[in-house]
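Notes follow the structure.
2 protein chains.
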Amino acid sequence: MHDLPDPPGGARMRDVARAAGVSAMTVSRALREPSRVSPEVRARVEAAVREVGYVPNRLAGSLSSRRSDVVGLVVPSLENSLFAATVKGISDVLRREGFQLMIADSLYSPEAEEAAIRAFLEQRVAGLILHDTLHTEATVRMIRRAGVPVVENGTVPAEPLDMVVSYSNREAAKAMTRHLARLGYRRVALVTLPSAANARSRDRRDGFLEALAELGRPQDPRLMLEMPSGLVSGAEALARLMEGAEPPDAIFFAGDVLAAGAVLECQRRGWAVPGKVAIAAFDNVDLLAQLNPPVTTLRLPRHEIGTRSARMLLDRLAGRQSGPAVLDLGFEIIQRAST
Amino acid sequence: MHDLPDPPGGARMRDVARAAGVSAMTVSRALREPSRVSPEVRARVEAAVREVGYVPNRLAGSLSSRRSDVVGLVVPSLENSLFAATVKGISDVLRREGFQLMIADSLYSPEAEEAAIRAFLEQRVAGLILHDTLHTEATVRMIRRAGVPVVENGTVPAEPLDMVVSYSNREAAKAMTRHLARLGYRRVALVTLPSAANARSRDRRDGFLEALAELGRPQDPRLMLEMPSGLVSGAEALARLMEGAEPPDAIFFAGDVLAAGAVLECQRRGWAVPGKVAIAAFDNVDLLAQLNPPVTTLRLPRHEIGTRSARMLLDRLAGRQSGPAVLDLGFEIIQRAST
DNA sequence: ATGGCCGTGGTTAGCGTTACCACGAACCGG
DNA sequence: CCGGTTCGTGGTAACGCTAACCACGGCCAT
């Protein structure tokens, strides 16, 4: 909280009004509903605005009108480029509609998310977009009480808070697992991010297991691994899985850039991919297409999740849409040379 | 701009006051300066806050106090992970100090930046952090008039608006060019991002040329190329440079992931790096360390730029620091196997 | 002509908070 | 034991804007 040096240049609406020879109310109208003001007055007001360098005070405006044009967004991490695509999609839509974006990271912690959401509600955001679907009880209560519309993004949750725009992590993992089986791989391993604080990881693991069950294959704990995020981590996962007694013939890296790290490690070890082991990834980062070999992966509508989330939120705010809604945007398998 | 559904759950300060049996003013104090209120009253107020589910309205608070706890940040792109590190640094500091982050992308356009800044000033942000140093005249006027503190980040500008936290793109490019010369490379090529709307690219080119001049080497236009961002683009740059009559023996990719794209292309073509051609990059993205061979690059203090920028801004807001200041955080060469 | 109605602009009363000042009660040294 | 601090609290007036009325003049239809 700190000083707002308005004083010297801070022209207020009444200064504009004086300069234009009208009342403050007319200035307000000329700015927000130009059609309700005569053309001459409108021109005088516009000239006066430029003359005095007026910058409207939305704090005052929002307080008075009880509306806000700020949307709060919480992502698990600001550094992960996967979320960046979604953020970009959100921002694109908000900009066009004249909304502002307030952003915070939850660090994958529901408590940190709660703090961020509380701060957003204090700023009286018009709506929230949350990239995690796991919330504390206090968070849910707070949001309900505030009556603010919410879009959740990370996966398709069992009990949506309000609106949802996502793809299904479970279905995506299941589809890729089946795909690998169809290609003839018999021992498919799964590497996920730590599932403890990450519902998406759990969903992917569930999808993987479901596919195995459908295929009538046994679960083999030696073929499942949790690894932290990062290229190095992917290389290590590869090493660990391959040095076992019955190594996998295919590895599905269900997260982040793990798969890329593994492919690069295969290069170093001189292992043929998919000759020695096939590798599949979860997210279509462009690096995967450029690796040697290019990596089979899923195309997830990251950017569209952003645009549709923002649009859905704004529709609700504009009263164009009413109830909760769940939008599953699906996914697509991109078969490349690595499998 | 849309409806703020305060009504049902929207407890105001006076509701808390009533529940606690004190005046609204006392509630305000209990919340902001607990030490100035007796322990019993403080406890009653805290209980009342929980009881009625009170969420302070910072719009009203800021309007009244003429302070704000929101910082506006403009980055060129929300998708580029290079900026993500800086954003993260900023966010980390702001969170700890109880500030909020409003973010927008300029798309590398000064006009879009102007629009974003105007919107931020309308929201009465306490300060601005700008990742570009190229601004329209109107932008400069607006910021000056608003009297809001600003930190610029992208490079060390000729005429700082206010405060600056950065490394010098020119010095960094110069250092890497000298480094390559020292390693014995005779024909060093430079690939930059399009310099038209990107002051950083120009700075890097200037640094490169300065180094050549110091080394007494001629400029060779066939050894300079501008390419858009991306891995594919790096591969193409490599191809173009190498198919010339007198190809370079080293290429300095001064931006983004171009270098990575080039190394991957070399793998595909079976070209030894650095046997056939040496490759150096500009930014220390972790991919570069994992490629085969690992790529020589610069370590730039991206995260620290964020933390220091935020801290400098908050120091100014707290009156702990006064004048403009330029902080050059330097860089470091990481020599790896690719050169 | 005259009543009503639109199109325009002004007036008033907040929005929910904080700054500022006032006030009474304890407290304290001379 | 009394004038002056200090401490804790409350009242009031903004902060800059907008919602909701209200006023006024001109215009048409009857």
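Residue numbers (this note's numbering), protein chains in the order written: chain A, 480 to 818; chain B, 480 to 818.
All C-beta atoms, glycine included, are put in the ideal place defined by N, C-alpha and C.
Problem set entry | Residue from A:A605, A:E631 and A:Y646 whose Cα sits closest to the Cα of A:R546 | To locate residue 546 of chain A, count along the first sequence from 1; it is residue 67. That would be A:A605, whose Cα lies nearest to the Cα of A:R546.
For this session: Please check if any C-beta of chain A sits within less than 9 Å of the C-beta of B:R736.
Result: The residue labelled residue 736 of chain B in the question sits at position 257 within the second sequence. The residue you asked about is not Arg; residue 736 of chain B is Val in the sequence shown. Judged by the 9 Å Cβ criterion, B:V736 is in contact with chain A.
For this session: Run the CB neighbour count on A:S585, radius 10 Å, all protein chains shown included, and call it buried at 16 or more, exposed below.
Result: Here residue 585 of chain A corresponds to residue number 106 of the first sequence, with the count starting at 1. Answer is buried; the Cβ neighbour count reaches 16.
Exercise. With 16 as the cutoff for other CB atoms within 10 Å, does A:L694 come out buried or exposed?
Worked result: For the purposes of this step, residue 694 of chain A is identified with residue 215 of the first sequence, where counting begins at 1. That one is exposed.
Exercise. Is any beta-carbon of chain B found at less than 9 Å from that of A:A522?
Worked result: As a working note, residue 522 of chain A is residue 43 in the first sequence. Chain B, which has no Cβ nearer than 9 Å to the Cβ of A:A522, makes this no.
Exercise. Pick from B:L691, B:A739 and B:A583: whose alpha carbon is nearest that of B:L717?
Worked result: In the second sequence, counting from the first residue as 1, residue 717 of chain B sits at position 238. Among B:L691, B:A739 and B:A583, the Cα nearest to that of B:L717 belongs to B:A739.
Exercise. Using the rule of at least 16 other Cβ atoms within 10 Å of the residue's Cβ for burial, across every protein chain shown, is B:Q769 buried or exposed?
Worked result: For the purposes of this step, residue 769 of chain B is taken as the residue at position 290 of the second sequence. Buried is the call here.
For this session: Kindly say whether B:T786, judged by its beta-carbon, lies nearer than 9 Å to any beta-carbon of chain A.
Result: One-based indexing of the second sequence puts residue 786 of chain B at position 307. It does not; no Cβ of chain A falls within 9 Å.
For this session: Look at the alpha carbon of A:L542 and the alpha carbon of A:M791, and state the distance between them as a whole number of angstroms.
Result: As a working note, residue 542 of chain A is residue 63 in the first sequence. As a working note, residue 791 of chain A is residue 312 in the first sequence. Going by the C-alpha atoms only, they are around 24 Å apart.
Problem set entry | Whole beta strand (DSSP E) elements within the segment 485-568 of chain B, 3-residue minimum | 549-554
Exercise. Count the other CB atoms within 10 Å of the CB of B:P486; is the residue buried (16 or more) or exposed (fewer)?
Worked result: Position 7 of the second sequence holds residue 486 of chain B. Summary for B:P486: the model assigns pLDDT 43, below 50, so the residue's position carries little reliability; its value from the coordinates is reported in the next sentence. Exposed: under 16 other Cβ atoms inside 10 Å.
Problem set entry | Residues, ordered as in the chain, of the segment 527-544 of chain A that lie near chain B by beta-carbon distance below 8 Å | G532, V534, P535, N536, R537, L538, A539, S541, L542 and S544
Problem set entry | B:M706: first and last residue of the uninterrupted beta strand (DSSP E) it sits in | Here residue 706 of chain B refers to the residue found at position 227 when the second sequence is read from its first residue. Where B:M706 is concerned, there is no enclosing beta strand (DSSP E), given that its DSSP letter is neither H nor E.
Problem set entry | Beta-carbon spacing of A:T775, A:D762 below 9 Å | In the first sequence, counting from the first residue as 1, residue 775 of chain A sits at position 296. In the first sequence, counting from the first residue as 1, residue 762 of chain A sits at position 283. Not in contact: A:T775 and A:D762 (Cβ atoms no closer than 9 Å).
Exercise. So what does DSSP say about B:D765, is it helix, strand or coil?
Worked result: Translated into positions along the second sequence, residue 765 of chain B becomes position 286. If DSSP states are grouped into helix, strand and coil, B:D765 belongs with the helices.
Exercise. Which of the three DSSP states, helix, strand or coil, is assigned to A:T818?
Worked result: Locating residue 818 of chain A in the first sequence gives position 339, where the first residue counts as 1. If DSSP states are grouped into helix, strand and coil, A:T818 belongs with coil.
Problem set entry | Whole-Å CB distance - A:P803 paired with A:P639, under 8 Å assumed | Numbered from 1 along the first sequence, position 324 holds the residue referred to as residue 803 of chain A. Numbered from 1 along the first sequence, position 160 holds the residue referred to as residue 639 of chain A. About 6 Å; that satisfies the 8 Å criterion.
Problem set entry | Residues of the segment 632-651 of chain B with Cβ closer than 7 Å to any Cβ of chain A, in chain order | none
Exercise. For A:A617, which of helix, strand or coil comes out of DSSP?
Worked result: Here residue 617 of chain A refers to the residue found at position 138 when the first sequence is read from its first residue. Looking at A:A617 - three-state DSSP - the assignment turns out to be helix.
For this session: Give the straight-line distance between the Cα atoms of B:I784 and B:L580, rounded to the nearest whole angstrom.
Result: Here residue 784 of chain B is taken as the residue at index 305 of the second sequence, counted from 1. Here residue 580 of chain B is taken as the residue at index 101 of the second sequence, counted from 1. Taking the straight line joining both Cα atoms gives about 16 Å.
For this session: Quick one: give me the first and last residue of the beta strand (DSSP E) that A:T671 is part of.
Result: Reading the first sequence from its first residue, position 192 is the one you call residue 671 of chain A. Note, A:T671: beta strand (DSSP E), V667 to T671.
Exercise. Any idea what DSSP makes of B:S570, helix, strand or coil?
Worked result: One-based indexing of the second sequence puts residue 570 of chain B at position 91. Helix, per DSSP.
For this session: Tell me whether A:R657 is buried or exposed, calling it buried when 16 or more other Cβ atoms sit within 10 Å of its Cβ.
Result: Working through the first sequence from its first residue, we reach residue 657 of chain A at position 178. Classification for A:R657: buried.
For this session: For A:E601, return the contacting residues in chain B, with the cut-off set at a CB-CB distance below 8 Å.
Result: Reading the first sequence from its first residue, position 122 is the one you call residue 601 of chain A. Correct list: V534, P535, N536 and R537.
For this session: State yes or no: is the C-beta of A:L702 within less than 9 Å of the C-beta of A:R661?
Result: Within the first sequence, numbered from 1, the residue matching residue 702 of chain A stands at position 223. Within the first sequence, numbered from 1, the residue matching residue 661 of chain A stands at position 182. Not in contact: A:L702 and A:R661 (Cβ atoms no closer than 9 Å).
Exercise. Shortest alpha-carbon distance to A:V554 belongs to which of A:E519, A:L510, A:T612 and A:A522?
Worked result: One-based indexing of the first sequence puts residue 554 of chain A at position 75. Taking only the C-alpha atoms, the option nearest A:V554 is A:T612.
Exercise. Which whole-angstrom value is the C-beta distance of B:E601 and A:R537, which I expect to be below 8 Å?
Worked result: By one-based count along the second sequence, residue 601 of chain B stands at place 122. By one-based count along the first sequence, residue 537 of chain A stands at place 58. About 5 Å; that satisfies the 8 Å criterion.
Exercise. Distance, Cα to Cα, B:R515 vs B:R508?
Worked result: Here the question's residue 515 of chain B lines up with position 36 in the second sequence. Here the question's residue 508 of chain B lines up with position 29 in the second sequence. Rounded to whole angstroms, B:R515 to B:R508 spans 7 Å at the Cα level.
For this session: Keeping to the same chain, check which residues put their C-beta closer than 6 Å to that of B:T565; ignore five residues upstream and five downstream.
Result: As a working note, residue 565 of chain B is residue 86 in the second sequence. These residues qualify, in order along the chain: R781, I784 and G785.
Problem set entry | Close beta carbons around B:R620, own chain, < 7 Å, minus the five adjacent residues each side | Translated into positions along the second sequence, residue 620 of chain B becomes position 141. The answer is none, since no qualifying residue turns up.
Exercise. Mind pulling the chain B residues with CB within less than 9 Å of A:K567?
Worked result: Taking the first sequence and counting its residues from 1, the one referred to as residue 567 of chain A is at position 88. Within 9 Å Cβ-Cβ: S556, L557, E558 and D584.
Exercise. Roughly how many angstroms separate the alpha carbons of A:T818 and B:A675, rounded to a whole number?
Worked result: The residue given as residue 818 of chain A occupies position 339 in the first sequence. The residue given as residue 675 of chain B occupies position 196 in the second sequence. Each residue's Cα considered, the two are about 42 Å apart.
Exercise. Taking three-plus beta-carbon pairs below 8 Å as touching, is the segment 680-697 of chain A in contact with the segment 644-657 of chain A?
Worked result: yes
For this session: Give the single residue among A:A591, A:G568, A:R521 and A:Q814 whose Cα lies nearest to the Cα of A:V644.
Result: As a position in the first sequence, residue 644 of chain A is number 165, starting the count at 1. Out of A:A591, A:G568, A:R521 and A:Q814, A:G568 has the C-alpha closest to the C-alpha of A:V644.
Exercise. Can you check whether the CB of B:E576 is closer than 9 Å to the CB of B:L793?
Worked result: Taking the first residue of the second sequence as position 1, residue 793 of chain B is located at position 314. Taking the first residue of the second sequence as position 1, residue 576 of chain B is located at position 97. Yes.
Exercise. With distances taken from CA atoms, which of A:L766, A:V752 and A:R795 is nearest A:A816?
Worked result: Residue 816 of chain A sits at position 337 when you count from the first residue of the first sequence. Nearest option by C-alpha distance: A:V752.
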